[in-house]
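Participant:
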DNA sequence: TCAAAACTGGAATATTAATTCCAATAATGG
DNA sequence: CCATTATTGGAATTAATATTCCAGTTTTGA
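Residue numbers (the working numbering), protein chains in the order written: chain A, 1 to 270; chain B, 271 to 540.
1) On the criterion of 16 or more Cβ atoms from any shown chain inside 10 Å, does residue 21 of chain A qualify as buried, or is it exposed?
2) Can you say whether residue 392 of chain B is buried or exposed, counting buried as having 16 or more other CB atoms within 10 angstroms of its CB?
3) Evaluate residue 444 of chain B with the Cβ neighbour count: other Cβ atoms within 10 Å of its Cβ, from every protein chain shown; 16 or more gives buried, anything less gives exposed.
4) For residue 174 of chain A, does the three-state DSSP call read helix, strand or coil?
5) Should residue 138 of chain A go down as buried or exposed, given a rule of 16 or more other Cβ atoms within 10 Å for buried?
6) Applying a beta-carbon distance threshold of less than 7 Å, which residues of chain B neighbour residue 247 of chain A?
7) Residue 399 of chain B to residue 317 of chain B, Cα distance in whole Å?
8) I'd like the span of the beta strand (DSSP E) that includes residue 196 of chain A, first residue to last.
9) Please determine, among B/396, B/285, B/352, the residue with the shortest C-alpha to C-alpha distance to residue 43 of chain A.
10) Would you tell me roughly how many angstroms separate the C-alpha atoms of residue 14 of chain A and residue 7 of chain A, rounded to the nearest one?
11) Is there contact between the stretch 18 to 38 of chain A and the stretch 52 to 65 of chain A, where contact requires at least three CB pairs shorter than 8 Å?
12) Does the beta-carbon of residue 462 of chain B have 16 or more other beta-carbons within 10 angstroms, so that it is buried, or is it exposed?
13) List in chain order: all unbroken alpha helix (DSSP H) runs of 4+ residues lying wholly within the stretch 378 to 450 of chain B.
14) According to DSSP, is residue 489 of chain B helix, strand or coil?
15) The beta strand (DSSP E) that contains residue 55 of chain A, what's its start and end?
16) Beta strand (DSSP E) containing residue 12 of chain A: first to last residue?
17) Grouping DSSP H, G and I as helix and E and B as strand, with all else coil, what is residue 242 of chain A?
18) Give me the chain A residues within the contact set of residue 378 of chain B, using Cβ-Cβ distance strictly less than 8 Å, ordered along the chain.
19) If contact is defined by three or more beta carbon pairs under 8 Å, each pair taking one atom from either stretch, is the stretch 510 to 518 of chain B in contact with the stretch 102 to 113 of chain A?
20) Thinking just about the alpha-carbon of each residue, which of A/253, A/58, A/76 is nearest to the one in residue 149 of chain A?
21) Tell me the DSSP secondary structure of residue 24 of chain A in three-state form.
22) Kindly indicate which three-state DSSP category residue 506 of chain B falls into: helix, strand or coil?
23) Can you tell me whether residue 289 of chain A is buried or exposed, with buried defined as 16 or more other CB within 10 angstroms of its CB?
24) So the alpha helix (DSSP H) residue 346 of chain B belongs to, where does it begin and stop?
25) Could you work out which residue in A/76, A/140, A/153, A/182 is closest to residue 164 of chain A when comparing CA atoms only?
26) Could you tell me how far apart the beta carbons of residue 262 of chain A and residue 467 of chain B are, in whole angstroms, since I believe they sit closer than 8 Å?
27) From A/185, A/75, A/158, pick the residue whose C-alpha is nearest to that of residue 210 of chain A; which is it?
28) What residues from chain A crowd round residue 440 of chain B, counting only those whose CB sits closer than 9 Å?
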């Protein structure tokens, strides 16, 4: 209306974000959908967008006008312009990012993205289906799931705990900030998920040992099979995450962990 | 005519190349232009293509039919599909998995790996280099870095904290297990990294607001730009992570986060 | 509680683009 | 060179899509 039409994608998202709160219900639905699926506009018709956003075509139309465009066609033109030069060619894009200069943030990001991608690929190839299946089966029958992981492994452990929580599966996260472990809380019919990478945290190893001694199944998420404490009760899940510098993006490990949780949830509810 | 329509870009180019020689003049012009500008088809109308190829629209039409498509629309559909790899609807896919009875851990893992891969690609394409650069610059100059993220964002926050620790960069992780925040600890020259995804944790938002009011720079890692608290001091880093079911692999977000940390470390030591 | 304003859904209309058709032209073969 | 067939250009038709309009509904403010 009175406002200028955005002239590039950033201006567009910024403007939508700004408006979003003051917009009436249906227009806000449009805003939300378009914010998250901006690029869809390039290829979709008004009708398609409106259906996915659960509004009438006319609402989408009004939305375009509120944002400052003459109509949907104008907005689509903008999105197409900004998409076209790129032609989402991943490898080319990564190449460009890498060339940005050695310690530039984008160059570093490119390396981590690439490392993450390779790790994921690696994971999908090397995953031991039998072990995974066994792990899920074990978890599905557990009364209480104990989770332990420190340092690099802690984000994985905490995300697992969060996922189980959401799935309403009883779990305990050991060794959080206070580094406390509650070995004595491990009872019959419980299971321990231990996550540790070289060089291994002694606390995690100790807890795993403790669990083994008490006869509990242990699922071990690690980067090498070198610490098979005890072949009979330990289910090893190996993830070889690619390092960049001293760090890893954890992409593969987290994917494996979350799959474990979701599969367990599915198994339980069926 | 009765020939099969190509089903992907390679088949298409192959077929055109094959036909090219036996085609009459105008159709050969079409072939030549389309071979070299295949991707244009995704965005252009028949009229536009025909003009650029110096032929009549009807010639383009005939060309499409000769290649095996029903019409221009079909050919366009094909090109669009291959340019924009799907953008799969994951909530639908998990439904499909369930219905297909394939909720095996391996199948679920495959989905998460795929979702992670796509998120990483997406990130490499949509990352805002300027914002990233600004974020690193800000962090490099910070006296103390505050980190806040709850629920899904907590693994990211804790990994960031771990990385900064390893890099010997002073940092505080707020809102850990006890959900405690230490707003009063935020002083002049500090910086806050706030991580939150829809639906946003009110605690994180509040801490960010507090920081803004105290005049501290805030770096916001989020999935939509919809909560730009204050454009002047907040640096927004947007990651659109693909959901699978109710969960995400966090691949893209963690890659971004770890890059931020490493780049900051590099900047500081130089 | 009521009147005015804002919002919404769905149908009606206008625009634009795809597709077909046919007469005119050019190529081919005897 | 003529008859036949293939190709072409452009207009006419059809289909799809964007856009507007308005009556019904909800929200707002006094």
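Backbone N, C-alpha and C fix where the C-beta goes; we use that ideal spot for every residue, glycine too.
Facilitator: The short version:
1) Here residue 21 of chain A refers to the residue found at position 21 of the first chain. Burial check for residue 21 of chain A: the Cβ neighbour count within 10 Å stays below 16, so the residue is exposed.
2) Counted from its first residue, the second chain places residue 392 of chain B at position 122. Its Cβ being crowded by 16 or more others within 10 Å, residue 392 of chain B is buried.
3) Working through the second chain from its first residue, we reach residue 444 of chain B at position 174. It counts as buried.
4) Numbered from 1 along the first chain, position 174 holds the residue referred to as residue 174 of chain A. For residue 174 of chain A, the secondary structure class from DSSP, reduced to helix, strand or coil, is strand.
5) Numbered from its first residue, the first chain carries residue 138 of chain A at position 138. Buried, since its Cβ has 16 or more Cβ neighbours within 10 Å.
6) Taking the first chain and counting its residues from 1, one reaches residue 247 of chain A at position 247. 433, 528, 532, listed in chain order.
7) Here residue 399 of chain B corresponds to residue number 129 of the second chain, with the count starting at 1. Here residue 317 of chain B corresponds to residue number 47 of the second chain, with the count starting at 1. Annotation: residue 399 of chain B to residue 317 of chain B spans about 37 Å, alpha carbon to alpha carbon.
8) Taking the first residue of the first chain as 1, we reach residue 196 of chain A at position 196. DSSP places residue 196 of chain A in the uninterrupted beta strand (DSSP E) bounded by 191 to 196.
9) Locating residue 43 of chain A in the first chain gives position 43, counting from the first residue. Ranking the options by Cα distance to residue 43 of chain A, first place goes to B/352.
10) Within the first chain, residue 14 of chain A is the residue found at index 14, counting from 1. Within the first chain, residue 7 of chain A is the residue found at index 7, counting from 1. One C-alpha to the other measures close to 11 Å.
11) Touching, yes, given that three or more Cβ pairs across the two stretches are closer than 8 Å.
12) Indexing the second chain from 1 puts residue 462 of chain B at position 192. So residue 462 of chain B counts as buried.
13) Runs of the alpha helix (DSSP H) inside the stretch 378 to 450 of chain B: 399 to 410, 424 to 436.
14) Looking up residue 489 of chain B in the second chain gives position 219. Strand, per DSSP.
15) Within the first chain, the letter at position 55 stands for residue 55 of chain A. Counting along the chain, no beta strand (DSSP E) covers residue 55 of chain A, and no H or E run does either.
16) On the first chain, residue 12 of chain A is found 12 positions in, with the first residue counted as 1. First-last for residue 12 of chain A: 9 to 19, but that is the alpha helix (DSSP H), not the beta strand (DSSP E).
17) Start at 1 with the first residue of the first chain, and residue 242 of chain A comes out as number 242. In the structure shown, residue 242 of chain A sits in coil (DSSP, three-state: anything other than H, G, I, E or B).
18) The residue you call residue 378 of chain B lines up with position 108 of the second chain. Correct list: 259, 262, 263, 266.
19) Put simply, the stretch 102 to 113 of chain A does not touch the stretch 510 to 518 of chain B. Fewer than three CB pairs are less than 8 Å apart.
20) Walking along the first chain from the start, residue 149 of chain A turns up at place 149. Closest option to residue 149 of chain A, Cα to Cα, is A/253.
21) Taking the first residue of the first chain as position 1, residue 24 of chain A is located at position 24. DSSP places residue 24 of chain A in the coil class of the three-state scheme, outside both helix and strand.
22) Taking the second chain and counting its residues from 1, the one referred to as residue 506 of chain B is at position 236. Note: residue 506 of chain B maps to strand in three-state DSSP.
23) Since the first and last residues shown for chain A are 1 and 270, residue 289 of chain A lies out of range.
24) If you number the second chain from 1, residue 346 of chain B lands on position 76. 342 to 353 is the span of the alpha helix (DSSP H), which, as asked, contains residue 346 of chain B.
25) What you label residue 164 of chain A is simply residue 164 of the first chain in a count that begins at 1. The candidate whose alpha carbon is nearest that of residue 164 of chain A is A/140.
26) In the first chain, the residue the question calls residue 262 of chain A occupies position 262. In the second chain, the residue the question calls residue 467 of chain B occupies position 197. About 18 Å separates the two Cβ atoms, so there is no contact after all.
27) Here residue 210 of chain A is taken as the residue at index 210 of the first chain, counted from 1. When the alpha-carbon of residue 210 of chain A is set against those of A/185, A/75, A/158, the nearest one is in A/185.
28) By one-based count along the second chain, residue 440 of chain B stands at place 170. For the C-beta of residue 440 of chain B, not a single chain A residue is nearer than 9 Å; the gap to the nearest is close to 17 Å.
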